[in-house]
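Residue numbers (UniProt numbering): 1 to 883. Glycine is no exception: its CB is placed at the ideal position from the N, C-alpha and C atoms. The next block holds one structure in the form of structure tokens; read it before the comments.
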Amino acid sequence: MLKVFPLSQSSAKPATIYLKDYKEPDFLIKTVDLTVELGEEETIVTSRLELTRNDENATKLSLNGEHLTLQSVKMDGHMLTPDEYNATDEWLHLPVATVTTDFSLEIVTRIKPQENTALEGLYKSNGNFCTQCEAEGFRWITYFLDRPDVMAIYTTTIIGDGELYPVMLSNGNLMQQETLPDGRQSVTWHDPHPKPSYLFALVAGNLAVVEDKFTTRSGRNVKLQIFVEKGNEDKCDHAMTSLKKSMKWDEEKYGREYDLDIFMIVAVSDFNMGAMENKGLNVFNSKYVLASPETATDADFDGIESVIAHEYFHNWTGNRITCRDWFQLTLKEGLTVFRDQQFSADMNSAAVQRIDDVQRLRAAQFPEDGGPLAHPIQPQSYVEINNFYTATVYEKGAEVIRMIHTLLGEEKFRKGMDLYFERHDGQAVTTEEFVSALEDGSGVDLTQFRRWYVTPGTPEIMVDERFDPKTGQYKLTLEQSNLKAGEIFKPLHIPLQMGLLDEKGQAVTFTDGPFKGQTEGVFDFNKKRQSFTFSGLSSQPKASLFRGFSAPVKLRQTMSDDALAFLFAKDQDLFNRWDAGQRLASNIILKNIEAVDEDDTAILPAAFLDAFAEILSDTELDRAFTASALTLPGEQDIAQRMPIVDVDAIHKVRENARQQIGLTFEENWRKLYNECANAPTPANQPESSSRKLKNTALRYLIATGREEYITLAATQFRKSTNMTDSVAALSGLKDITHPVRDEMFADYYEKWQKDALIVDKWFTLQAMSMRESTIADIKKLMEHPAFTLRNPNRLRSLIGAFTSGNPVYFHDKSGEGYRILSGVISAMNKTNPQIAARFVAPLGQWRRYDEDRQALMSAELEKILKLPDLSDHVYEMANKSLH
Ligand code: ARG
Ligand code: ZN
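Structure (structure tokens):
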């Protein structure tokens, strides 16, 4: 039965919290001694705190606490009577006028983790206890000053049934393990590093462990442990390897060593997000730990490598130096995403990594930044902080750090980072303190650059080019604007990394200016309108701007399709080569959509096809790069360039273009498919790059519509020994109506039904199918015995994939797609408000669609806002989305 975890019952509009109201805590907590007695009916938490006064005028101590049953409070050893304190749904207020500077509290509370469906605080997943405390989950465990600028030393004793929960873990080092007279097991952990409560973790269960070790460069021996549900021990190799690589990389790249004798990772199957960097005890969504070639795709392997690295890197950027308050979230998240992206670029092909990262930014962050939920990477206010774990704070935050890196250069950036670590180790700080440290350490002025932290919206750049053949001068004029910044627009400091190409495609050497003698430079573009002049040119050059995506901006360039085709074929910068191809393809698709005659055949200009052919036959390129370059921009990418999105037209034209490309290059695709499948992968490229290119070829072959390629895909599916090839074959056939397709989906489910992560893929592939029956299929899948709203991964695999990966059917004219989504949101509003709120965003894009769809989408938002017991989480998202 689905039990509903009680929410606090208040009908008042939730309060908004402002950065400008930040005030230091009145009291600090020096030590925390927790005893957690795990039970099947209830769990009893005894918390002994040593506190100290921080504001001598404070008369009241207010501790956060939610969903707690208070049993007793002792102050300095004296039991308080209920009339001496005041416990509300969210607070415990204690009188402190008479206490001395230092005092102690002992608070006993009772909780029911087994009924906690919100997956915040202490909860149960598949019979095991685990915690998620960021951002404000610790207050679901005990009354506390649950804010990141209160840092304490924790000792944690876990007591429970040793048969049910032989493994009992918490942060730090294991101090003691014993069997109590009553037969229960008691385990004590001590973490010597002061930490904020959001980094607390506790795990108890019947788990298997995989062990390894790592010696830090100063000789510390660290035990590495990955805990998984029994039976998954053979799927930890990649996670373990990734962890060791991350530990080594952080030493080499940033001089950062690990600081405890043990590092533990626990994989759980019910988890709201990707993973959590709790000190010494990271808790992971099993999706980012478990993998073997048979069960996980190459993309899954990459995801694991980057999330393991991300959480490990948090040990320095997040844990040793943490955030003063939650408005500073990007301090740790933007920086840590930047670090994990750097790491992945070092471990894999840097260009392909950059392309993937930018694709993710454009797909998730650009729409957010252009819609009603736009916010700066440092928000100024929030209702519910969990709603601000966004692509903006994370991914755009990482771009902001990357721009600092680009402006400073590797060496000075490292100096700045060294100073940041030296100055702030052990502190809870602000983004301002971070930027100051980088400035002081590097000697580079970042005054104007700071505006990136407080400006919402994606800057748009207009480009004007003038070439004077008489003087040989080329003048490039850029103008920046930002729709979201409105009245407050002030020009941003934008690093413009660029180069010029001559008519043969050779790099032009600058003959003057700051980069004289070089073929590439990083220019400071920091005025609203600014010109850059280059001389000594014999013909009009082609400009390759914002190389490597040197700033998170939208380029509104009036460059001809021929010029784009030229860059697509010739640019020295691989990222820009790919990007030119994407821009060109979007232009072509958009032109075909606009074409008045209703002919279904898209016109693909010769210049485009020639550039395509050139890349197709270039065997020097990394196969993974070739695959990305030969893939058309996604439907949502193209949609971002339409003022009013026409999902059906985009799909139709793009599919037609794919078919034509399939047919035009049919022989090349066949050859490529066979080469990638049979010939060895070129040295210094990973095997995965061959699979990626092979499966790109397969998709184009299927797009031709020829029966033989359905057979090819089916054969690949049957013979495949790895998940990448199996999923690619299924994905290639997911949109057709054909007995082979149904057979494959049935076989796949039959074979893998016991593996939850693979069943998730089965749901996702069907959620993204393009068939007339899709909406009916999705409704049927929601009734499938394997579907549940309770598991976030499963929910995302079907509903998330549908709403964000199937624009045509999500935006079906009937409004059925919107109703499915709002039905799920209302079902989740009480059980897991955090997840429910995350599903609101697609409806928030309503202004981008035609009038009928606008009406349908906003009607669902209104319905959501009228829900009884609307959670603060969903309220904030729906309210902002509608208004
Ligand atoms: N700090 C985690 C990370 O590495 C994310 C945790 C967010 N959890 C949440 N409930 N908001 O990115
Ligand atoms: Zn993080």
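C-beta contact flag for residue i and residue j at 7 angstroms
| i | j | result |
| --- | --- | --- |
| Y198 | A135 | yes |
| T295 | M744 | no |
| L28 | T59 | no |
| L281 | L169 | yes |
| L555 | I461 | yes |
| A627 | L693 | yes |
| A624 | S689 | yes |
| T471 | S531 | no |
| Q660 | L604 | yes |
| A398 | V358 | no |
| D149 | F138 | no |
| W452 | V508 | no |
| V393 | I377 | yes |
| K244 | F214 | yes |
| D440 | L419 | yes |
| N272 | Q834 | yes |
Near the ligand ZN: residue i beta-carbon under 6 angstroms from a heavy atom
| i | result |
| --- | --- |
| E134 | no |
| T336 | yes |
| E395 | no |
| E333 | yes |
heavy atom of the ligand ARG below 6 angstroms from residue i C-beta
| i | result |
| --- | --- |
| E433 | no |
| N386 | yes |
| E862 | no |
| E277 | yes |
| Y258 | no |
| N684 | no |
| N116 | no |
| M877 | no |
| M273 | yes |
| Y389 | yes |
Beta bridge counterpart(s) of residue i as assigned by DSSP
| i | result |
| --- | --- |
| W189 | T156 and L174 |
| K751 | DSSP output for K751 lists no bridge partner at all. |
| E460 | S481 and K554 |
| G370 | DSSP lists no partner for G370. |
| N221 | T215 |
| T109 | V45 and L70 |
| M79 | K74 |
| T131 | L122 |
| H93 | S62 and N86 |
| E635 | BP columns for E635 are empty, so no partner. |
| R466 | K475 |
| S292 | Bridge partners of S292: none, in fact. |
| R542 | This sequence places Lys at residue 542; Arg is not what is there. DSSP, once it has assigned bridges, lists L501 as partnering K542. |
| E50 | T31 and S104 |
| F263 | L224 |
| F525 | I494 |
Whole-Å CB distance - residue i paired with residue j, under 8 angstroms assumed
| i | j | result |
| --- | --- | --- |
| T406 | V553 | The Cβ separation is near 13 angstroms, so there is no contact. |
| T696 | T631 | 6 angstroms |
| L590 | D561 | Rounded, the Cβ-Cβ distance is 11 angstroms, inconsistent with contact. |
| I304 | S349 | Contact doesn't hold; Cβ gap of about 17 angstroms is too wide. |
| R220 | W316 | Not confirmed; about 15 angstroms, so no contact. |
| N482 | T455 | 7 angstroms |
| A595 | R658 | No, A595 and R658 are not in contact; Cβ-Cβ is about 18 angstroms, not under 8 angstroms. |
| D270 | N829 | So it is not a contact: roughly 18 angstroms between Cβ atoms. |
heavy atom of the ligand MG below 6 angstroms from residue i C-beta
| i | result |
| --- | --- |
| S535 | Absence of the ligand MG is noted for the structure shown, with the ligand ARG and the ligand ZN being the only ligands found. |
- Task: Specify whether the stretch 367-378 and the stretch 297-315 touch according to this definition: at least 3 beta carbon pairs, one from each stretch, less than 8 angstroms apart.
- Result: no
- Message: Check whether the stretch 99-111 and the stretch 37-54 touch, using three or more Cβ-Cβ pairs below 8 angstroms as the test.
- Response: yes
- Query: For the stretch 349-360 against the stretch 574-581, are there 3 or more C-beta pairs whose distance is under 8 angstroms?
  - Reply: yes
- Query: Do the stretch 703-719 and the stretch 644-651 meet, that is, are 3 or more Cβ pairs less than 8 angstroms apart?
  - Reply: no
- Query: Is it a yes or a no for the stretch 185-196 touching the stretch 222-231, going by three-plus beta-carbon pairs under 8 angstroms?
  - Reply: no
- Task: Would you check if the stretch 125-133 and the stretch 196-213 touch, i.e. whether three or more CB-CB distances between them fall below 8 angstroms?
- Result: yes
- Could you say if the stretch 237-252 and the stretch 168-188 meet the contact criterion of at least three C-beta pairs nearer than 8 angstroms? no
- Message: If contact is defined by three or more beta carbon pairs under 8 angstroms, each pair taking one atom from either stretch, is the stretch 536-548 in contact with the stretch 496-507?
- Response: yes
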